[in-house]
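> Under numbering that gives the first Met the number 0, the first residue of the sequence shown is numbered 0, with each subsequent residue one higher.
Once you've had a glance at the structure underneath, I'll fire off some questions.
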Amino acid sequence: MSKRFSLEGKTAFVTGASYGIGMAIAKAFHSEGAAIVFNDINIDLVQKGIASYREAGITASGYVCDVTSEEQVAETVSKIAAEVGTIDILVNNAGVIKRIPALEMTAREFWQVIDVDLVGPFIVSKAVAPGMIAKGGGKIINICSMMSELGRETVSAYAAAKGGLKMLTRNLACEWAEHNIQVNGIGPGYIATPQTAPLREKGHPFNEFIIAKTPAARWGTTEDLEGPAIFLASAASDFVNGHVLYVDGGILAYIGKQPK
Ligand code: NAP
Ligand code: GCO
0 MSKRFSLEGK
10 TAFVTGASYG
20 IGMAIAKAFH
30 SEGAAIVFND
40 INIDLVQKGI
50 ASYREAGITA
60 SGYVCDVTSE
70 EQVAETVSKI
80 AAEVGTIDIL
90 VNNAGVIKRI
100 PALEMTAREF
110 WQVIDVDLVG
120 PFIVSKAVAP
130 GMIAKGGGKI
140 INICSMMSEL
150 GRETVSAYAA
160 AKGGLKMLTR
170 NLACEWAEHN
180 IQVNGIGPGY
190 IATPQTAPLR
200 EKGHPFNEFI
210 IAKTPAARWG
220 TTEDLEGPAI
230 FLASAASDFV
240 NGHVLYVDGG
250 ILAYIGKQPK
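Structural data, given as structure tokens:
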């Protein structure tokens, strides 16, 4: 791979990366030479993640940290700087979803999603940026969603959070460009991970629905996200800023299969 996509000598911090999309992105970064750091919400997940990375030949550094806690995030970012190195690449991947009709969702449930999916990326970005500024630059990638652009029943809090995350991406891009920090997003389509497992159960109507709404006529895989993530984490994207790169098999371009 040409040097412009190299991540040699970089420290990459991927939040919520003990499995799923975050782990796939972290492994891709490692293949391009980055040192891998991740956090998750409890020690069991962190230990599971470290073991999974080790099985893939990766010595990853894992930390227990709730991205909604400013105190835990500040402590973790300091530990990473001391134990691994100042963070060059941040991927705000940690997230939750609650699929509840709006009329049935409590404000507390709504806030819980906003807290992790929108406030969390703000907290972690704010904690990591000073180190990037001191180093002369960095890369921040926010994991957005189809719901950054589209709505659907039962995911009002998640869509509000991911829509806000798109605008947070654009705003931080504007504020930190002068420090050579590029802030972009990746908007995955419907990806086969534990988060979407309920929607892919055999015979679930949503499974057929999504395949019909996707020109590529398939669910995405975490591997589909690896190349776009390497691009946005590398020098190849140094003049890309405030952009959300949708990796969706064409969903956002598609009005839907025309009746035969
Ligand atoms: P996921 O289950 O959403 O993974 C999220 C990870 O973040 C889990 O390890 C989770 O731990 C962790 N996490 C949750 N709350 C946290 C907190 N407060 N602090 C730290 N870590 C926390 O699975 P995924 O599908 O890989 O999703 C990863 C990201 O991609 C999410 O932001 C999601 O919204 C986004 N996304 C997913 C899809 C898709 O189709 N799968 C599409 C578009 C965007 P727990 O296991 O304990 O919850
Ligand atoms: C849902 C799904 C989606 C995906 C993803 C799509 O219930 O609609 O979970 O929200 O997770 O965000 O991009």
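We put the CB at the ideal spot given by N, CA and C, even for glycine.
Which residue marks the beginning of the beta strand (DSSP E) containing residue 243, and which one marks its end?
For the purposes of this step, residue 243 is taken as residue 244 along the sequence shown, with counting starting at 1. Start and end: 243 to 246.
> If residue 88 sits next to residue 138, beta carbons under 8 Å apart, how far is it from one beta carbon to the other, in whole angstroms?
As a working note, residue 88 is residue 89 in the sequence shown. As a working note, residue 138 is residue 139 in the sequence shown. The pair is a contact, with the Cβ atoms about 5 Å apart (cut-off 8 Å).
> According to DSSP, what are the bridge partners of residue 14?
Translated into positions along the sequence shown, residue 14 becomes position 15. Note: residue 14 sits in a beta bridge opposite 38.
> Any idea what DSSP makes of residue 170, helix, strand or coil?
Position 171 of the sequence shown holds residue 170. Helix at residue 170.
> In the segment 66 to 150, which residue ranges form an unbroken alpha helix (DSSP H) of at least 4 residues, counting only runs that do not cross its ends?
69 to 82, 106 to 113, 119 to 134
> Cβ of residue 104 within 7 Å of any heavy atom in the ligand GCO?
Translated into positions along the sequence shown, residue 104 becomes position 105. No.
> If I'm right that residue 90 touches residue 14 with Cβ under 8 Å, what's the distance once you round it to whole angstroms?
Start at 1 with the first residue of the sequence shown, and residue 90 comes out as number 91. Start at 1 with the first residue of the sequence shown, and residue 14 comes out as number 15. Yes, they are in contact, since the Cβ atoms of residue 90 and residue 14 sit about 7 Å apart, within 8 Å.
> Please report the Cβ distance between residue 228 and residue 140, rounded to the nearest whole angstrom; I am assuming they are in contact, meaning their Cβ atoms lie under 8 Å.
Locating residue 228 in the sequence shown gives position 229, counting from the first residue. Locating residue 140 in the sequence shown gives position 141, counting from the first residue. Yes, they are in contact, since the Cβ atoms of residue 228 and residue 140 sit about 7 Å apart, within 8 Å.
> Which residues share a DSSP beta bridge with residue 62?
What you label residue 62 is simply residue 63 of the sequence shown in a count that begins at 1. For residue 62, which the question treats as bridged, DSSP gives the partners 38.
> Quick check: is any heavy atom of the ligand GCO less than 7 Å from the C-beta of residue 194?
Within the sequence shown, residue 194 is the residue found at index 195, counting from 1. Yes, since a heavy atom of the ligand GCO falls inside the 7 Å radius drawn around the Cβ of residue 194.
> Does the beta carbon of residue 126 fall short of 7 Å from some heavy atom of the ligand NAP?
Numbered from 1 along the sequence shown, position 127 holds the residue referred to as residue 126. No - the ligand NAP has no heavy atom lying nearer than 7 Å to the Cβ of residue 126.
> DSSP three-state label for residue 180, please.
In the sequence shown, residue 180 corresponds to position 181, counting from 1. Judged by DSSP in its simplified three-state form, residue 180 adopts strand.
> Who are the near neighbours of residue 10 in its chain, counting only those whose CB is closer than 6 Å to its CB and skipping five residues on each side?
Counted from its first residue, the sequence shown places residue 10 at position 11. The answer, listed in chain order, is 34, 83, 84, 86, 87.
> Return the Cβ separation of residue 125 and residue 147 in integer angstroms, given the expectation that the two are a contact with Cβ distance under 8 Å.
As a working mapping, residue 125 is identified with position 126 in the sequence shown. As a working mapping, residue 147 is identified with position 148 in the sequence shown. About 21 Å separates the beta carbon of residue 125 from that of residue 147, a gap too long to meet the 8 Å contact definition.
> What three-state label does DSSP hand residue 258 in the structure shown?
Looking up residue 258 in the sequence shown gives position 259. In this structure, residue 258 counts as coil in the three-state DSSP scheme.
> Is the closest heavy atom of the ligand GCO to the C-beta of residue 244 under 7 Å?
Residue numbering aside, residue 244 sits at position 245 when the sequence shown is read from its first letter. False, no ligand heavy atom lies under 7 Å from that Cβ.
> Hey, is residue 18 close to the ligand GCO, as in C-beta under 7 Å from one of its heavy atoms?
The count along the sequence shown starts at 1 and reaches residue 18 at position 19. Flag unset: Cβ of residue 18 not near the ligand GCO.
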